[in-house]
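Working notes, structure below.
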Amino acid sequence: MMSGLLITIEGPEGAGKTSIMQSMVPLLRARAKTSVITTREPGGIPIAEEIREVILSSKNEGMDNKTEALLFIASRREHLVKKVLPALKDDKVVIIDRFIDSSLAYQGVGRDLGIRAIESLNEFATDGIKPQLTLYLDVEVEEGLSRIEQNRVDEVNRIDLTELSFHKKVREGYLEIAHNNPERVAIIDASQTFATVVREGLNVIIQRFPEWFSEIKY
131 MMSGLLITIE GPEGAGKTSI MQSMVPLLRA RAKTSVITTR EPGGIPIAEE
181 IREVILSSKN EGMDNKTEAL LFIASRREHL VKKVLPALKD DKVVIIDRFI
231 DSSLAYQGVG RDLGIRAIES LNEFATDGIK PQLTLYLDVE VEEGLSRIEQ
281 NRVDEVNRID LTELSFHKKV REGYLEIAHN NPERVAIIDA SQTFATVVRE
331 GLNVIIQRFP EWFSEIKY
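For the sequence shown, my numbering assigns the number 131 to the initial residue and increments by one for each residue that follows.
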């Protein structure tokens with residue numbers, strides 16, 4: 131049973147998850163009452179990073195949708211067991227760039243595999259572990275993909291290149307998840323300035339968990 135704090139950051143392509151997390155974490159660490167570690171999915175440990183390469187490589191453009199979903203879940207299981215759970219058992223704060231909601235939105239809705247089917251597989255793989263808070267960074271699909279085109283040319287991957295209709299379904303999936311889990315998912319408008327998104331994310335975390343973080347003094 132975990133005794134630490136698990137926070138996830140989610141969003142469609144180009145929402146700025148990674149950059150926002152990198153800016154928030156030093157500020158959170160300065161206020162945290164315990165250690166704060168960060169990681170990502172797919173990845174975070176060597177085996178999961180190797181699976182990430184297979185999933186995202188443009189050489190694997192014709193990958194079957196169910197194969198893609200199972201690879202994400204296999205990576206998640208190994209990452210959870212080897213990195214996330216040990217940190218949580220050690221009373222640490224763990225912040226993950228993507229987690230189960232990504233599978234639900236991308237494979238469950240985007241790939242039309244069904245949220246319930248993907249949810250069931252993830253339940254098996256994670257032993258029912260859920261984050262206490264998810265920050266969902268929401269941005270219009272066109273704006274997000276435009277950001278990728280302008281700022282991440284060297285990192286564009288197989289999923290980035292999927293057709294526009296797929297990305298629109300992914301965003302719809304995320305919004306459905308947020309609507310159905312209002313106690314867990316905090317929606318942040320990622321079209322705002324970078325500093326505003328960082329500030330809102332910090333405020334949500336610190337106000338939600340005063341036992342883990344000191345208050346922000348402006």
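The beta carbon of each residue, even a glycine, is placed where N, CA and C say it ideally should be. Since we're looking at a predicted model, the values are computed, not measured.
- Positions of the beta strand (DSSP E) runs, each at least 3 residues long and wholly inside the region 277 to 330, are given as 315 to 319 in order along the chain.
- Following the DSSP letters along the chain, one finds residue 170 in no alpha helix (DSSP H) but inside the beta strand (DSSP E) bounded by residues 166 to 170.
- In the DSSP assignment, residue 265 falls within the unbroken beta strand (DSSP E) covering 263 to 268.
- Straight-line spacing of the CA atoms in residue 215 and residue 196 works out to 26 Å.
- Around residue 240, the same chain offers 296, 299 and 300 as residues with beta carbons nearer than 6 Å, after the five sequence neighbours per side are excluded.
- Residue 237 counts as buried, since at least 16 other C-beta atoms from the protein chains shown sit within 10 angstroms of its C-beta.
- With respect to the 8 Å criterion, residue 213 and residue 174 are classified as neighbours on the basis of their beta carbons.
- Below 8 Å, too few C-beta pairs join the region 252 to 267 and the region 157 to 171 to call them touching: fewer than three.
- For the set 194, 280, 222 and 205, the Cα lying nearest the Cα of residue 158 is the one of 222.
- For residue 158, the secondary structure class from DSSP, reduced to helix, strand or coil, is helix.
- As computed with DSSP, residue 223 is found in a beta bridge with 135 and 166.
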